[in-house]
Structure formats: structure tokens, C-alpha cells
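Working notes, beginning with the structure itself.
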Amino acid sequence: MTPDQARSLMHEWVENPSLRGHMEAVAACMNHHARLHAPDEVDAWTVAGLLHDFDYERHPTEAEHPYVGVEHLRGLGVDDAILQAILGHVNTSGVARDTPMSKHLFACDELAGFIVAVARVRPNGFEDLKPKSVKKKLKDKAFAAAVSRDDVRVGMEELGVDPTEHIERCIAAIGEAADRVLPTPGA
Ligand SMILES: [Fe+2]
Ligand SMILES: [Fe+2]
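Converting from the sequence shown to our numbering requires adding 262 to each position, the first position being numbered 1.
In C-alpha cells:
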């Protein structure tokens, strides 16, 4: 499956612009990290980002997400490595994050959501957004309270990355995709 095909499928299943934007943000991070760590798998990592929550609007319960989506993708013949990564982004699935793709998906998912939340309350959005500001907001428990700080921390620990560097790369990647992440209302 190509990123374009993944995006079409995601649009078919998801109406909510914020949820679409979330998957675009994660896909942008995955694309960026794949270029650095897995240049032969850029499309696969991007597809994992674009589809990791594509069943969430129709099947948001813990019993169904992401299993319904993964079964649909399996039926379409999507690579098992992508399916494993999507299963691994949900802690309760019990599926180990034992590939670089899985680890990166988990380390980008909640963080991307958080970076978008921070950008939304800044006049300049992603522009000049620094890891320091993101880290400061992470300590403010009341801000974007739905984002699991534990998942953000554990994700970076599993990758073994320097948090500042990881956050910086994610900000840059999402900022470059800003048009798809934060679409103008009515567009
Ligand atoms: Fe999810
Ligand atoms: Fe997500």
C-alpha cells in the first residue's frame, strides 16, 4: 500500500479533521525518522502513521481499536510489519514493540498529539517552537491532560533517544506538514 492509498482509505473511514490531522502529524514524524533510520522503508513507516488510528472514529472502544482496523488492513494484504506496529501502539494489545517501526510509532504517537496541542495555542503555530517549550508544557498536568505523559516518556526510553533531539525532529517534521495537520477550516 502506498502513502496515497493509505491517505484515501483513512479519509474514507475518518471525517473528523482533528483525527485526520493527528494521523498526518504522526505520518510526518514517521516519514522523517524513516529517512534517517530505515531509508528503504519510508513508505511503510509513513503508511503506519497514516493508518494507526484510522478505525478509531468508527470503533473507538478498547475492545475494537485497533483490532477492527488491523483485520481490515490484513484483508487488503497490508504488510505484517505495518500491522504489528499498529497493534503495538496500543499498550493493552500485548503486542511487543520489537521493531524500529513499532518503537518509532509509539514514540511519535502521543508526542505528535501533544506538539499539535502546543502549536494550537501559539500565535505562530509550529514556527520557532522549541523542545524546551514542549517539555515545559509536558510538566503542566492540566495542559492537554488527555495526552499520557507516561507514554511519551516510555516511547522515548524504548527508542533510547535524547528527548530534546527527538522532540526537535518531531516538531520539524510536523511543521513541514502543517497544511495537512492543521487544515484551514472549510478547506
Ligand atoms: Fe490509537
Ligand atoms: Fe494516535
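For every residue, glycine included, the Cβ atom is placed at its ideal position computed from N, Cα and C.
Remember, predicted model here, so these are calculated numbers, not experimental data.
Query	Result
Using only the alpha-carbon positions, how far apart do ASN353 and ASP360 sit?	13 angstroms
Suppose contacts are defined by Cβ-Cβ distances below 7 angstroms. Is ASP317 in contact with GLY331 by that definition?	yes
Buried or exposed: which applies to ARG384, given that a residue is buried once 16 or more other Cβ atoms fall within 10 Å of its Cβ?	exposed
Which residue's Cα is closest to the Cα of ALA369: GLU420, TYR329, ALA358?	GLU420
May I ask whether a heavy atom of ligand 2 can be found less than 6 angstroms away from the beta carbon of ASP441?	no
Thinking just about the alpha-carbon of each residue, which of HIS428, ASP402, PRO393, THR264 is nearest to the one in GLY311?	THR264
Considering only residues of the region 305-384, which uninterrupted alpha helix (DSSP H) runs meet the minimum length of 4 residues and lie entirely inside it, listed in chain order?	329-337, 342-350, 362-382
Helix, strand or coil for PRO445 per DSSP?	coil
Alpha carbon to alpha carbon, what distance is there between VAL416 and VAL378?	19 angstroms
Check whether the Cβ of ASP371 lies closer than 6 angstroms to any heavy atom of ligand 2, and answer yes or no.	yes
On the criterion of 16 or more Cβ atoms from any shown chain inside 10 Å, does THR308 qualify as buried, or is it exposed?	buried
The alpha helix (DSSP H) that contains LYS397, what's its start and end?	393-401
Relative to the C-alpha of VAL380, which candidate in LEU313, ILE433, SER270 has its C-alpha closest?	ILE433
Classify ALA439 as helix, strand or coil using the three-state DSSP reduction.	coil
Of the residues LEU313, HIS295, LEU373, which one's Cα is nearest the Cα of ARG282?	LEU313
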